[in-house]
Amino acid sequence: MEYRKLGKTELEMSLLGLGGFHLLEIELSTVKTIVKRYVDAGGNYFETARSYGNGNSERKLSKALPKSGIILATKTGNRSFEGSREELLASLKDLNRDHVDILFLHAVTDNDHWEQIISTNGALNTLEWAKREGLVRYAGITSHGYGGTLLRALNEYSFDLFMTQFNYYDRFNFPEIEFKVLPYAISNMIGAISMKPLADGYLWRSTYNAFRYVKTLPVSCIVSGINSVEQLEMDLEALKSPAMKSHEIEELFSTAPELGDYVCRQCMKCLPCPEKINIPAFFLAEGRYDRQMLDGRILNASDYALRDRLAHWFGSEPQARREYYSLNPSVDNCTDCGECLKRCPYGIDVPRKLRLAKAKIEEGFIV
Ligand code: SF4
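Mapping the sequence shown onto numbering that gives the first Met the number 0, position 301 (from 1) lands on 300, and the numbers just tick up by one.
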């Protein structure tokens, strides 16, 4: 197992972290087997959250975790001081610990959440109080999807670490995570933890490449939701492989079946549009809206069910609408001239995709 230092903390994290959400789906005996195999393989990072089954994940983990030698994190999604303090105390009780290493403010995805957190009676007070009382060693924040609020929060409070999605699929829907949030964190010694290396399971056919891609990034730990020993072994095996070289990343972006001829790689080669339509910006808005999951031509029922479930998982639709309606000229100016079709290296049917983006964001479904 490879270990990486977490920001300016004293923590050395195993590269593979064990996510607590999917432990809800399996029996305690299987949880114990997974935890034992993970620790035997050198794993040391466990994370859970109060909201995972209203404490059920924490109660299950407490029965399976070693007493020492691990790094343990939980999360509170309550935005008030009183509410988040109560959640932390309940978490400690259910985890059967006198402290946790990390407390995350959970799923801070828009500015309203952040403004509640930093208000006079907000949850930021709980982080400060819990650190003073020795209940928590390090303060973290998590976010899903659009990274604008996360970047603002890291600017406005001295968090020790953050956790959000990093994978080769959502990289094209939320590029600010890799290109703004991560560089800001690294230059300020804020620890970065990756979650969703398989894009919530969407990249399940490509585990090897998915882990190799995230391993290439300067993150301290890759948290994976694991609900079987077989899955754990697959993740461990994938992480033994070397990080990707730049030419391998380019090849992945060209050939990954999940990106195919639908997901916009934001390469800008279709520009300039004769009608001055900012094509990549419309597709970025579509990425925020439904992660470019629904392409109107899915042929396999189980694939459709998976995409349908994951498309709106992150709740970044308000950001999608803000971006979409700020663009001028609108997609209605497309004349189907076909210039962009000749230029897109990934074979994307740009005029059709513009029509789908409009239908999804304006009508709420594909028409
Ligand atoms: S050329 Fe294709 S992949 Fe590149 S920005 Fe335009 S539509 Fe997206």
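Just so you know, even glycine gets a beta-carbon here, dropped at the ideal spot from N, CA and C.
V366, DSSP secondary structure in three states:
coil
Where does E257 fall in DSSP's three states?
coil
Cβ contact (3+ pairs, closer than 8 angstroms) linking the stretch 88-99 and the stretch 138-151:
no
Counting pairs of beta carbons, one from the stretch 151-168 and one from the stretch 300-311, are three or more of them closer than 8 angstroms?
no
Confirm the yes/no value for this check: CB of Q291, any heavy atom of the ligand SF4, distance under 7 angstroms.
no
Going by the C-beta, is I248 closer than 7 angstroms to any heavy atom of the ligand SF4?
no
Which residues does DSSP pair with A72 in a beta bridge?
E46 and I101
Between the beta-carbon of G190 and the beta-carbon of D159, is there less than 8 angstroms?
yes
DSSP state of C339, grouped into three classes?
helix
Are the stretch 247-255 and the stretch 271-287 in contact at 8 angstroms, needing three or more beta carbon pairs?
no
CB of F364 within 8 angstroms of CB of A356, strictly:
no
Taking just the CA atoms, how far does K179 sit from L17?
26 angstroms
Please report the Cβ distance between S193 and V213, rounded to the nearest whole angstrom; I am assuming they are in contact, meaning their Cβ atoms lie under 8 angstroms.
5 angstroms
Report whether the distance from the Cβ of C263 to the nearest heavy atom of the ligand SF4 is below 7 angstroms.
yes
Using the rule of at least 16 other Cβ atoms within 10 Å of the residue's Cβ for burial, across every protein chain shown, is M267 buried or exposed?
exposed
So what's S227 in DSSP terms, helix, strand or just coil?
coil
Exposure label - L153; buried when at least 16 CB within 10 Å:
buried
Per DSSP, the bridge partner or partners of G121
S79
Counting only runs that start and end within the stretch 248-331, where is the alpha helix (DSSP H) found for 4 or more residues in a row?
278-289, 300-309 and 316-325
Between the stretch 32-52 and the stretch 219-231, are three or more C-beta pairs nearer than 8 angstroms?
yes
P369 beta carbon near the ligand SF4 (any heavy atom closer than 7 angstroms):
This structure gives no information on residue 369, because the portion of the chain shown stretches from 0 to 366.
P328 burial status per 10 Å Cβ neighbour count (16 or more: buried):
exposed
Give me the residue from Q291, H311, D260 and R342 with the minimum Cα distance to P271.
R342
Over what stretch of residues does the beta strand (DSSP E) that includes F210 continue unbroken?
Looking at the DSSP string, F210 is not in any beta strand (DSSP E); the run it does join, the alpha helix (DSSP H), is T206 to K214.
Is C343 near the ligand SF4, judged by its Cβ being under 7 angstroms from some heavy atom?
yes
Best match in L149, T119 and H21 for proximity to R108 [C-alpha to C-alpha]
The question names Arg, yet the displayed sequence has Thr at residue 108. Comparing Cα positions, the closest option is L149.
Output yes or no for whether 8 angstroms exceeds the beta carbon distance between L14 and I297.
no
When the distance is taken between beta carbons, is F45 closer than 8 angstroms to G19?
yes
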